[in-house]
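As numbered in the UniProt record's numbering, residues 1 to 514 make up the sequence shown, in order. First comes the structure, then the notes that go with it.
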Amino acid sequence: MTAAGQDAREDEPLRIRPATAAPASQFLRAFADKKPISDETSRPAPKQPSSGPQNPAESSSAQEDKVDAAADKKPADAEPEPIPFHKLPDLTQGIPSTLEAELEQKSGKSPSYLEVSEGEPSSGGGGRGRGGREEYVSTSERNRKWWTRFMLTVAGSGSLVGIAYMGRNWEDDIEAERHPDIPNGWSPSLWWQRTRARWGESVSYYQDPAFEKLLPDPDPSFERPYTLCISLDDMLIHSEWTREHGWRVAKRPGMDYFIRYLSQYYELVLFTTAPFGMAEPLVRKLDPFRFIMWPLYREATKYEDGEIVKDLSYLNRDLSKVIILDTKPEHVRKQPENAIILEPWKGDPNDKELVALIPFLEYIHTMQYADVRKVLKSFEGKHIPTEFARREAIARREFNKQLAEKSKNKKPSGMGALGNLLGLKPSKMSMTMPVDGEQDPLEAFSQGKMIQDIARERGQRNYLALEKEIRENGEKWLKEEQLAMEKAQQEAMNSMMGSFSGIFSSKKGGENKA
1 MTAAGQDARE DEPLRIRPAT AAPASQFLRA FADKKPISDE TSRPAPKQPS SGPQNPAESS
61 SAQEDKVDAA ADKKPADAEP EPIPFHKLPD LTQGIPSTLE AELEQKSGKS PSYLEVSEGE
121 PSSGGGGRGR GGREEYVSTS ERNRKWWTRF MLTVAGSGSL VGIAYMGRNW EDDIEAERHP
181 DIPNGWSPSL WWQRTRARWG ESVSYYQDPA FEKLLPDPDP SFERPYTLCI SLDDMLIHSE
241 WTREHGWRVA KRPGMDYFIR YLSQYYELVL FTTAPFGMAE PLVRKLDPFR FIMWPLYREA
301 TKYEDGEIVK DLSYLNRDLS KVIILDTKPE HVRKQPENAI ILEPWKGDPN DKELVALIPF
361 LEYIHTMQYA DVRKVLKSFE GKHIPTEFAR REAIARREFN KQLAEKSKNK KPSGMGALGN
421 LLGLKPSKMS MTMPVDGEQD PLEAFSQGKM IQDIARERGQ RNYLALEKEI RENGEKWLKE
481 EQLAMEKAQQ EAMNSMMGSF SGIFSSKKGG ENKA
């Protein structure tokens, strides 16, 4: 090589051969690709004049050091790593609380971003001496706890004072007579017994019937030998509700005939569990002529062991002469021996169960049984109309057989002989006494009629006469009753206004005198 060639090479700038770059991680490469390029880095760096010839080996080592330093140095403005999707909070259940993160910030552990994790308790202490999230109590929570303790204290103190007051001695002779087995005294046992007695009376006011005697004493001029209590719901009526018609009430087939026919034999009592305000308008509509003498509503029942009970001992009647018709055995559990349980009526227009029961009830009145409970006991567990018809057929065959045998012999004359023939006691001969327009009993018996047949014919005649009176005078009776009610209301209003005017006039007279 000549000297001129060497001078030319020295004048040209040195070309640095790129050295092998140090290996970098995928994270740095990906981060370097995503890093935004600033204005300073986008501009080309000015060329610095070379001070002299450089060694290629030194240049390569310097470049490697710069690459390693750039790899070790993390940019200050680098974005945090994104949170995985499965760690994100479920915002459909509401915005999560940041209380834990705020407490960590106050304690000096403030992360660059919030990461919500479920089920991880807070480990940092709160500011101003507070603990973690479990130890933090809000003001409303403290107030609630304070009021709870206060109310419990007041309730406990009031209970103790009430027990002490209820255990005091009897105030008058009336209380002492009601509890003859608990005398006055200051011993703890007597104190507790008086407390229990007074508490029981307070509770019984709401659980027992409104009166100790639900019915007045029997009127001798209108007395019936037997009392028949009848339920209302699913016995005489059936109520149902539909979207098309709302509430509707159906009357049971044969209800009018049942009530009007048996009113000549029994003292009819309507005994229902419905309140007075709901049942009274229905009863007035069903029985406008008041054949049901005494309606008793929910206020006359007894509440016992979570159930409503119809206690017949409050009726003021001899229980040996009382029969009750109901659809629920739990209503008559106090006196089941006096009850006839029927299937609930659900609105069937072809139902005949109520009317089919009339012959049995009529037979009890005809035979004048001293205790109806024995008769009902013999029909226990059986369908009464069917069983009674079967027994009546057997008795009729036996009666005709005995009548045929007696007719062959010489018959004594008179009603006493007739009673001996039928096996009747003198007290039971009232149904055999003929009335005007009635067939002679001797003639009726000779035709094979039994005593219940005579009673049935007489009852039918009385019923037809009653229906005739209702058709002819029913409207007049209802108008007279309406006028009497309006007159009573007007008299009550006048009396009330008179009392008010008397009060004001007395005050005015006193002012004038002053």
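Positions of the beta carbon are idealized from the N, C-alpha and C atoms, including for glycine.
By Cβ distance, which residues of its chain are closer than 7 Å to residue i, with the 5 residues on each side in sequence left out?
i	result
E337	R373, L376 and K377
Y369	V375
Please tell me whether residue i and residue j are closer than 8 Å, where the distance is taken between their beta carbons.
i	j	result
F271	W477	no
I292	I340	no
residue 516	T273	Nothing about residue 516 can be read from this structure; the chain reaches only from 1 to 514.
P216	T301	no
Y265	R224	yes
Y314	K401	no
G459	Y257	no
L354	S231	no
M166	R144	no
Kindly indicate which three-state DSSP category residue i falls into: helix, strand or coil?
i	result
G246	strand
K302	strand
residue 525	Nothing can be reported for residue 525: it is not among the residues displayed for the chain, which extend from 1 to 514.
V137	coil
I37	With a pLDDT of 47 at I37, under the threshold of 50, the predicted position of this residue should be treated as unreliable, though the coordinate-derived value follows. I37: coil per DSSP, three-state reduction.
D287	coil
K346	coil
K310	coil
Y363	helix
P441	helix
residue 530	Shown here, the chain extends from 1 to 514; a query on residue 530 therefore has no answer.
L296	strand
K374	helix
W147	helix
L236	coil
K251	strand
A356	helix
D170	What sits at residue 170 in the sequence shown is Trp, not Asp. Coil at W170, not helix or strand.
D217	coil
A210	coil
When you compare each of the options to residue i by their alpha carbons, which one comes out closest?
i	options	result
I323	H331, L312 and I237	L312
S263	R144, D287 and R168	D287
A389	P183, L361 and P209	L361
F379	N184, A370, R391 and P96	R391
P295	C229, A250 and E240	C229
G200	P188, H179 and L214	H179
N169	S187, T366 and L152	S187
D351	Y136, R144, E135 and K251	K251
L357	G347, P385, L342 and I364	P385
R397	D348, D440, K449 and K382	K449
P220	I237, E267, P253 and F445	E267
Q207	P441, V309, T148 and Y257	V309
residue 515	Y226, M278 and I470	The requested residue 515 is not part of the displayed model; the chain covers only 1 to 514.
E240	D348, F276, D173 and P441	D348
Y303	S204, V249 and M255	S204
L236	E244, H245 and K285	K285
S381	I394, I83, L342 and R461	Residue identity check: residue 381 is Gly in the sequence provided, not Ser. Selected option, being the one with the closest Cα: L342.
Return the chain-ordered list of same chain residues with a C-beta closer than 6 Å to the C-beta of residue i, the five sequence neighbours on each side being excluded.
i	result
L282	none
D234	T327, P344 and W345
With a threshold of 8 Å on Cβ separation, who are the neighbours of residue i within its own chain once the five nearest residues in sequence on each side are excluded?
i	result
I364	Y226, I323, V372 and V375
P275	Y297, R298 and E299
Under a CB-based cut-off of 8 Å, is residue i close to chain B?
i	result
H383	Checking the listed chains, one finds no chain B in this structure; it contains a single protein chain.
Problem set entry | Touch test, the stretch 185-195 against the stretch 328-335, Cβ-Cβ under 8 Å, three pairs minimum | no
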